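To keep things clear, I will list the structure first and then write my remarks on it.
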Amino acid sequence: MNAGGARSRLAPVRSLALVLVLFAFVAGALHAGGRTLYNADQAVAALMAQDILYLGAHPVFFDGSEYAGTLEQHLLALAFAVLPDRPAVQHLVVAGELAVGIALLWLATRRAFGARAALGAGLYLALGPYFLYYRGLSSTGPYTPLFALGAAALALLVRIEGRAAAGARVAAELVALGVVLGLAWWTHPAAAAYAAAAAAALATGAARRLLAPAGALLMGGFALGSLPWWLRNLETGWASVRGPDAATLPWRAAAGQVGDLLQVGVPVLLGGRPPWAGRAPLWVAALALLVLAVLVAFAVKLMARRSGPSRALALGALTLLVVSAILALLSPRTQFTEPRVLIGWYVALAPLAGALLAGPGRRAVRAGVAAALAVLHLAGYAAAPRIHADVPPGLVEQLARRGIDRVYASYWTAYPLTFLSAGRIVGSPFGQGTVVRRPGDRAAVDSDTDPAFLFDRLEPQRLDDARRFAAFLHAGGHAFRHAELAGGLALFWEVAPGAVEVARRCFCIPSGLGPEAVLWRGAAGPRSLPAGATARYHVRVTNGGALPWSRQMRFAYHWRRPDGSDAVFDGRRTLPPAPPAPGETITADVVVTADVPPGEYQLVLDVVEEGVAWWESLGSPPLRFPVRVDAAAPAR
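Everything in the sequence shown is counted per this note's numbering, starting at 15 for the first residue and increasing by one.
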């Protein structure tokens, strides 16, 4: 065998191996440095994988939602069948998905632009940007599979175009592309951008002459890949397209988000800014936008001057960038401080960056882009904070020593606690409005007569929750035990059953307990009203309790007859101007509607804590206001 030929054949192997080794090094360093996520959404994914493995469940979507396909959870279940059910194994599985996506983009770039461009694309991904690792190394949703499937779609597009240009058959590749696009659609609706990219590339390249006879193969593959999505939606009355995740903004409102995309989202995606950090410094935003503009201009140039696979890849990448951005702008749920729905951008950016850095263009431009990317990546890594673990080391043991096996906690603590304890301790979210993703876990904690309550004191709002819960227990004279745990957690256990019952009414911390919880200082308003009329009653109220009013507090009223019965019990609500602190007096205009028959009434003004109780029922006297309701004036 010729030594030169052997080296030539080994060159691609060495190139890809270098990329993957660098990826493994960077991923490992970020994980060891606490710069990667492990939170409740990942714990839910792991618990779903256990349900698949041990209970034979096959969830179609992420628990508690009607989108986000469970391809990753099923893959994780396979890993748990041979490896321990631990976060380390989950990290390896997700890192493997990301590595597969990087390898596929290396392959697509090599086929379209050559070996040097493939190495450049691989190095672009392996050495950052930070957001790719932050999002790609977590399973907080379907975004890593979405990236890998997008890479597979692009690799297949390049192969189809190359074989079609050579006059070869592409039936198998079209079916495979359809399956990949179908799986991507099941995984996340943002995959519509992949379909748009495929349509643009196939309809304008050499493969377009094959679409008429073979298009059914593509659509058949799509139907097969997306089959779980269709079956689930037929079962639920198309919940995926009727829910809040499918809502869209009006075009004018979407256009109003363009500034956030450019000033916040692009710097995060290009690596110059860590997620959740807000607007980037002007120089970072300008540099990121300049790099993006150069890559877009380069894609347009490739489309104009190239043909075959390179043109298909350039057109597909450009279409993917544009359509992904439009879909993100139209979604009311997009947060450009953490632009996860745009993870498909990396599928487009990596081949373009690799081709530009390896291309025959001006050396100064290539050097400038390489330097700009290096600066952006380093800036993002330098600013990336250590990520706080919601379940600190030793928490499971601390709870087990106290005999605690059922816990109400924040969403971010409850589910990791369940997974990390291997189910010995079951946690469920506590707090009104909290998403409950696992009803079975909620039922297990609800059925316990002596659950514990766990609050995180490291974050200001959770510190307030711990303080409020202690004040609630003291105000009601309830027995309990309390401990400060390592990691800034406040634990309450052996809580009196009466307090547990009240807290479970709304899964929140009640505020209105005791006869002086609210002190009415005065009221002014009409003493007579026509039936059906609306009036305002000006009131002054002091918070006489030990707790600030919660966000569930509302002014409301009853229309009470002279015999003490209620003609209308649930009067309309009025939001206080601001929740008063203990001892604070506020004024408000309570809106009242006389939706009762004519007669003499007492207007009973009270405060209701939604989901808990009217404060009158908790021992705090309401304000009683005699009002005569007259017959409505006849219409003229």
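Virtual Cβ for every residue (Gly too), placed ideally from N, Cα, C. Quantities reported herein were computed from a predicted structural model and do not represent experimental measurements.
Reference residue i; option with closest CA among the options
i: Gly279; options: Gly322, Ala253 and Leu356; result: Leu356
i: Ala719; options: Leu533, Arg586 and Cys522; result: Outside the displayed span of the chain (15 to 650) sits residue 719, for which this structure offers no information.
i: Val103; options: Gln64, Pro143, Pro590 and Asp419; result: Gln64
i: Asp609; options: Pro596, His572, Ser579 and Val621; result: His572
i: Pro295; options: Leu390, Pro544 and Leu89; result: Leu390
i: Val383; options: Leu301, Leu505 and Leu316; result: Leu301
i: Arg28; options: Ala253, Ala46, Ala132 and Glu80; result: Ala132
i: Val553; options: Ala581, Glu111, Leu533 and Val410; result: Leu533
i: Pro156; options: Pro407, Leu90 and Arg416; result: Leu90
i: Ala500; options: Phe469, Ala41 and Ser324; result: Phe469
i: Gly512; options: Ala228, Ala109, Gly394 and Leu632; result: Leu632
i: Val361; options: Phe161, Arg638 and Thr463; result: Phe161
i: Pro544; options: Leu36, Pro323 and Gly613; result: Gly613
i: Leu243; options: Gly322, Val282, Ala378 and Leu85; result: The question names Leu, yet the displayed sequence has Trp at residue 243. Considering only alpha carbons, the answer is Leu85.
i: Gly196; options: Ile116, Cys522, Ala209 and Leu44; result: Ala209
i: Pro289; options: Ala228, Thr351 and Gly322; result: Thr351
i: Pro227; options: Arg183, Ala207, Ala253 and Arg256; result: Arg183
As assigned by DSSP and simplified to three states, the class of residue i
i: Arg320; result: coil
i: Trp290; result: coil
i: Trp629; result: helix
i: Gln475; result: Residue placement at Gln475 cannot be trusted, given a pLDDT of 48 that sits under 50; what the coordinates show is reported in the next sentence. Here Gln475 sits in helix by DSSP.
i: Ala531; result: coil
i: Glu352; result: coil
i: Gly441; result: strand
i: Ser542; result: strand
i: His488; result: helix
i: Ala299; result: helix
i: Tyr52; result: coil
i: Thr601; result: strand
i: Phe483; result: helix
i: Arg416; result: coil
i: Thr108; result: The amino acid occupying residue 108 in the given sequence is Val; Thr does not appear at that position. The answer is helix: DSSP assigns Val108 an H, G or I state.
i: Asp99; result: coil
i: Phe75; result: strand
i: Val405; result: coil
i: Leu306; result: helix
i: Arg223; result: helix
i: Val410; result: helix
Element boundaries [beta strand (DSSP E), containing residue i]
i: Asp620; result: Gly613 to Glu623
i: Arg554; result: Thr548 to Asn557
i: Phe3; result: Coverage of the chain is limited to positions 15 through 650, which leaves residue 3 absent and any answer about it impossible.
i: Trp573; result: Met567 to Arg574
Limits of the alpha helix (DSSP H) - the one that residue i falls within
i: Glu187; result: Ala185 to Thr201
i: Ala517; result: Pro511 to Cys520
i: Thr158; result: Tyr157 to Ala179
i: Glu86; result: Leu85 to Val96
i: Trp244; result: Leu241 to Thr250
i: Val280; result: Val280 to Leu283
i: Pro365; result: Trp359 to Ala372
i: His391; result: Arg377 to Ala397
i: Arg256; result: Ala253 to Arg256
i: Ala140; result: Ala129 to Ala140
Presumed contact (8 Å Cβ cut-off) between residue i and residue j, rounded CB distance
i: Leu163; j: Arg452; result: Not really, about 26 Å apart at Cβ, beyond 8 Å.
i: Thr50; j: Ser152; result: 7 Å
i: Arg456; j: Val449; result: Between Val449 and Arg456 the Cβ distance is about 11 Å, and since that is not below 8 Å, they are no contact.
i: Thr556; j: Thr601; result: Not quite, the Cβ-Cβ distance comes to about 11 Å (not below 8 Å), so this is no contact.
i: Val421; j: Arg519; result: That belief does not hold up - the Cβ atoms of Val421 and Arg519 are roughly 19 Å apart, past 8 Å.
i: Val194; j: Ala167; result: 5 Å
i: Ala397; j: Arg293; result: Contact doesn't hold; Cβ gap of about 13 Å is too wide.
i: Val189; j: Gly219; result: Between Gly219 and Val189 the Cβ distance is about 18 Å, and since that is not below 8 Å, they are no contact.
i: Leu34; j: Ala117; result: 7 Å
i: Leu434; j: Val410; result: 6 Å
i: Leu343; j: Ala367; result: The pair is not a contact, with the Cβ atoms about 24 Å apart (cut-off 8 Å).
Strand pairing of residue i, partner residues [DSSP]
i: Glu498; result: Ala504
i: Thr652; result: Past the boundaries of the shown model lies residue 652; the chain is included only from 15 to 650, so the question cannot be answered.
i: Phe433; result: Answer is none; Phe433 lacks a bridge partner.
i: Asp460; result: Per DSSP, none; premise fails for Asp460.
i: Tyr422; result: Ser442 and Phe467
i: Thr588; result: Phe569
i: Arg638; result: Val618
i: Val582; result: Trp573
i: Val643; result: Leu543 and Gly613
i: Ala537; result: Val553
Cβ-heavy atom distance, residue i to the ligand FMN, below 8 Å
i: Ala46; result: Ligands displayed in this structure: none; no statement on the ligand FMN is therefore possible.
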